[in-house]
Amino acid sequence: MKRLFDVAAIILIVALAFGLYRTKVEADAARMRITKLEREVADARAQVRTLAAEAAYLSSPARIETLARDRLGLRPASPGQAVAGAEARAALDQRAPVNGAVKP
Amino acid sequence: MTAPTHPAARAFAEARGLARPVEAAPAGRRVRAIALVLAVALALVGLRALQLAVTAQPETSRAALAAAPDVSRGDIVDRNGVLLATNLPAFVLTAAPRDVVDAEATAAKLVRVLPDLDPVATARRLAQKNRGLVQLRRGLTPRQKQAIFDLALPGIGFGPDQRRFYPQGALASHALGQVDGDLAGIAGLEHALDANIRRAGAADKAVRLTLDVRIQHALETELADAAKSARAQGGAGLVVDGRTGEVLALASYPERDANAPWRIEEPSTRNRAAAAVFEMGSTIKPFTYAAALDLGLVSPQSTIDVSPLTIGDVQRTDPHPLASPAPLTLALAKSSNVAAARLALRIGAARQRAMFDKLGLTRKSEIELAESARPIVPSGTDDLTVAVQGYGHALAMSPAALAGAYTVFANHGARAPLTLVAGTERAPLQPVFSPAATAAVTAMMRAVVEEGTGVRAADAGVDLVGKTGTAEKPGGSAGYDATRMLSSFVGMFPAREPRYVIVLALDEPERTAESGGQATGGAVAAPAVGRIAARIAPMLAADARPAGATQPASAPRAAAATKAVGDVKP
Chain E
1 MKRLFDVAAI ILIVALAFGL YRTKVEADAA RMRITKLERE VADARAQVRT LAAEAAYLSS
61 PARIETLARD RLGLRPASPG QAVAGAEARA ALDQRAPVNG AVKP
Chain B
105 MTAPTHPAAR AFAEARGLAR PVEAAPAGRR VRAIALVLAV ALALVGLRAL QLAVTAQPET
165 SRAALAAAPD VSRGDIVDRN GVLLATNLPA FVLTAAPRDV VDAEATAAKL VRVLPDLDPV
225 ATARRLAQKN RGLVQLRRGL TPRQKQAIFD LALPGIGFGP DQRRFYPQGA LASHALGQVD
285 GDLAGIAGLE HALDANIRRA GAADKAVRLT LDVRIQHALE TELADAAKSA RAQGGAGLVV
345 DGRTGEVLAL ASYPERDANA PWRIEEPSTR NRAAAAVFEM GSTIKPFTYA AALDLGLVSP
405 QSTIDVSPLT IGDVQRTDPH PLASPAPLTL ALAKSSNVAA ARLALRIGAA RQRAMFDKLG
465 LTRKSEIELA ESARPIVPSG TDDLTVAVQG YGHALAMSPA ALAGAYTVFA NHGARAPLTL
525 VAGTERAPLQ PVFSPAATAA VTAMMRAVVE EGTGVRAADA GVDLVGKTGT AEKPGGSAGY
585 DATRMLSSFV GMFPAREPRY VIVLALDEPE RTAESGGQAT GGAVAAPAVG RIAARIAPML
645 AADARPAGAT QPASAPRAAA ATKAVGDVKP
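As you go down the protein sequences, you meet chains E and B in turn.
Take the first sequence: its letters are residues 1 to 104, numbered as in my numbering.
Take the second sequence: its letters are residues 105 to 674, numbered as in my numbering.
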């Protein structure tokens, strides 16, 4: 009887030790995955920064102005081109007969 | 078992081959001792294995820590969130001197890829055999790294690093400043806001400025055009929202590429808008007029003696004398020095100094730049000093300080301290003049553009008010050098209710054909200010059209003009 108990206890200890070992190995694997993912996040962030910097460079006013002037023939807006509020509506109303000519 | 002692018994035992040699007993104990030692050793190994399996940390976490350095500096963005400065991944160039075969040849090859690396110092560092690892250069771009990698130099390696990048290139480079190799701010806002930028970086946020890249670009291109066509040594410009003191643009010419290495001795690195002082000349006169009106010494309808003025043994005359006495408005419009000098003398030394103090012209500008220059304030209170300060001589200030002083015309006589950082708590407005005095002077500055020295400011079709300045620079035997000038113009718009202040100053412009053979503020600076106003007025939703072109519906336009610039989206 006592011997049976001893054998059971030894089996239990071995099983627990193995279980602990497996848990430990799995935790290690998970930790390595976390590290890998964290590095991926850092890499992705670095890439976002690089792309944001590139977007800012590509849309910088100096570059856009050159392109707009050379490719599209645009020029800086002048004060006479800007109207606001009621005046803009009035200007649109004046054009109404042209646009609304198809109306009955 | 003990050996038999009786001789007969011993003989019997020997006969049966049972007897053992006397040494046999100690040998048995040795076996047991060895077994015990082995058992203990095995137990130790087992325990250690168990300990390792349960408690040891994985090696990978430390490696990962080294691979990803902290982003210690936050981004800098303009008022609309456009990126002005950011950190990019980079590489640090390292060397293990023990593995370097030929220090001098290695250094020579590295210099071919990195021309600003010192070959002698590098060779010396590569020869330090007692050092495990030396750091040769930080902030390598991926391209530079690849070029060095391709050289396949023994002992040369790379580590992860960060570098500061300014995607807008030269845009706003004087305001932004520079960082050193360890990404610590050494100039401009990078230096002045170092702690804020680091805090923002730790919180993964950005520092937002009051600058607007579109307005900054308009100012920089017009300043560069004006400076080039007048062959000026340098130039400075600012655009300020006079209501709030927010600096919308700050530029210095010659321009500087923010991504190029900083060389402090180069003239292009100097921020002439904030870090240099000039005697600004006639652009100071509006303050003299406002003070005289404020003190009740004159009224807007007054006339003033513009005949030659003798102080001590020096006689002062105007280059283009007016018929005396002249109306006050005409005296300002035609920029009479003797009129401003007479007003200054009537104001007196003490009240004049108090006015300059309140205008912030006797201290460095509040603008958040460590290099913001201290003005040169004359100590004398004699008549000559007081008189010449009335028309902008003797007192030298930065263009930024002048822009700050002009905010009094946008705030009914109160000055708004300048700021470059958005969202900070605004310093309260500081009353300098009465609203009536500034309104009267604003009307006179309209005459400057309509019939005075600044008529060319209206060339671009913008309605603005302003004042020209053409100051001879100190030097020569006579005290001032008539051939070297600082020519400037301060313009404000919308003319009906000035809000935005534009300062443009050119350092030593030449008389060129483009400016009609003139190098005065009215000839070289005023047209540029007009063009800047024309370009930025639509961005600011401010109506800057000449009075003749306006329609009767003026009320909604006024509302649009007072709209906060922060609302304007790119």
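C-beta: ideal position from N, C-alpha, C; glycine also.
Being a predicted model, the structure only gives us computed values, none of them experimental.
Nearest candidate by alpha-carbon position, reference residue i, set the options
i       : options                            : result
L188(B) : V215(B), G243(B), P271(B)          : P271(B)
R202(B) : L237(B), T489(B), A491(B)          : L237(B)
A334(B) : L610(B), A435(B), L399(B), V283(B) : L610(B)
I180(B) : Q232(B), L156(B), M549(B), V525(B) : V525(B)
M596(B) : A547(B), T245(B), A623(B)          : A547(B)
L413(B) : T407(B), S406(B), T421(B)          : T421(B)
A55(E)  : D220(B), G273(B), R247(B)          : G273(B)
G416(B) : D487(B), P193(B), V566(B), H278(B) : D487(B)
G570(B) : D254(B), P423(B), I606(B)          : I606(B)
F382(B) : P578(B), R183(B), A225(B)          : P578(B)
L257(B) : A474(B), D220(B), K213(B), L280(B) : K213(B)
R242(B) : P423(B), A304(B), D585(B), L287(B) : L287(B)
S591(B) : A551(B), A531(B), E614(B)          : E614(B)
F391(B) : I301(B), R455(B), S406(B), V215(B) : R455(B)
F195(B) : A231(B), K249(B), L313(B), E529(B) : K249(B)
R530(B) : M643(B), A131(B), D345(B)          : D345(B)
Residue(s) in a DSSP beta bridge with residue i
i       : result
Q534(B) : R519(B)
E383(B) : A500(B)
F597(B) : Y604(B)
M589(B) : E576(B)
F262(B) : L197(B)
S356(B) : A340(B)
K571(B) : V594(B)
P431(B) : T407(B)
R268(B) : N191(B)
Q232(B) : Beta-bridge pairing links Q232(B) to no other residue.
A279(B) : None; A279(B) has no bridge partner.
Y510(B) : According to DSSP, which records beta bridges pairwise, Y510(B) is partnered with nothing at all.
A310(B) : D179(B)
V239(B) : Looking at the sequence provided, one finds Gln at residue 239(B) rather than Val. The partner list for Q239(B) (beta bridge, DSSP) reads T198(B).
L610(B) : G339(B), S591(B)
L413(B) : R420(B)
E350(B) : D345(B), T523(B)
I480(B) : A500(B)
Integer Cβ distance of residue i from residue j, believed to fall under 8 Å
i       : j       : result
S619(B) : A627(B) : 4 Å
A355(B) : A379(B) : In fact, because the Cβ distance is near 13 Å, the residues do not count as touching under 8 Å.
T523(B) : V351(B) : 7 Å
V490(B) : L449(B) : 6 Å
A575(B) : L568(B) : Contact doesn't hold; Cβ gap of about 21 Å is too wide.
A53(E)  : T190(B) : 5 Å
V545(B) : Y393(B) : 5 Å
V317(B) : D220(B) : Between D220(B) and V317(B) the Cβ distance is about 29 Å, and since that is not below 8 Å, they are no contact.
G517(B) : T542(B) : 4 Å
R600(B) : R347(B) : No, R600(B) and R347(B) are not in contact; Cβ-Cβ is about 15 Å, not under 8 Å.
L52(B)  : L327(B) : For residue 52(B) there is no data in the structure shown, the boundaries of chain B being 105 and 674.
R302(B) : S176(B) : 6 Å
Start and end residues, alpha helix (DSSP H) containing residue i
i       : result
I64(E)  : 61 to 70
R31(E)  : 2 to 58
V676(B) : The requested residue 676(B) is not part of the displayed model; chain B covers only 105 to 674.
D329(B) : 317 to 333
I636(B) : 630 to 640
Q81(E)  : Taken as a continuous stretch (DSSP letters only), Q81(E) belongs to no alpha helix (DSSP H), as it is neither H nor E.
I252(B) : 246 to 254
D398(B) : 389 to 398
V545(B) : 539 to 555
L449(B) : 441 to 451
Residue range of the beta strand (DSSP E) that includes residue i
i       : result
G289(B) : 289 to 291
R420(B) : 418 to 420
R216(B) : Looking at the DSSP string, R216(B) is not in any beta strand (DSSP E); the run it does join, the alpha helix (DSSP H), is 207 to 217.
Fill in: Three CB pairs or more closer than 8 Å across the segment 455 to 466 of chain B and the segment 521 to 537 of chain B
yes
Discussion item. With a threshold of 8 Å, are at least 3 pairs of Cβ atoms found where one atom belongs to the segment 364 to 375 of chain B and the other to the segment 293 to 301 of chain B?
Written reply: no
Discussion item. Between the segment 427 to 443 of chain B and the segment 537 to 557 of chain B, can you find at least three pairs of beta-carbon atoms closer than 8 Å?
Written reply: yes
Worksheet item: Counting pairs of Cβ atoms below 8 Å between the segment 283 to 293 of chain B and the segment 72 to 86 of chain E, do you hit three or more?
Response: no
Worksheet entry | Sufficient close CB pairs (3 or more, under 8 Å) joining the segment 191 to 199 of chain B to the segment 251 to 271 of chain B | yes
Item to complete: Could you tell me whether the segment 265 to 282 of chain B touches the segment 41 to 56 of chain E, where touching means 3 or more Cβ pairs closer than 8 Å?
Response: yes
Worksheet item: Taking contact to mean at least 3 C-beta pairs separated by less than 8 Å, is the segment 442 to 457 of chain B in contact with the segment 490 to 506 of chain B?
Response: yes
Fill in: At least three beta-carbon pairs within less than 8 Å, the segment 357 to 365 of chain B to the segment 497 to 511 of chain B
no
Discussion item. Counting beta carbon pairs with one atom in the segment 633 to 647 of chain B and one in the segment 322 to 333 of chain B, are three or more of them shorter than 8 Å?
Written reply: yes
Discussion item. Does the segment 391 to 398 of chain B come into contact with the segment 535 to 544 of chain B, if we say contact requires no fewer than three beta-carbon pairs (one atom in each stretch) closer than 8 Å?
Written reply: yes
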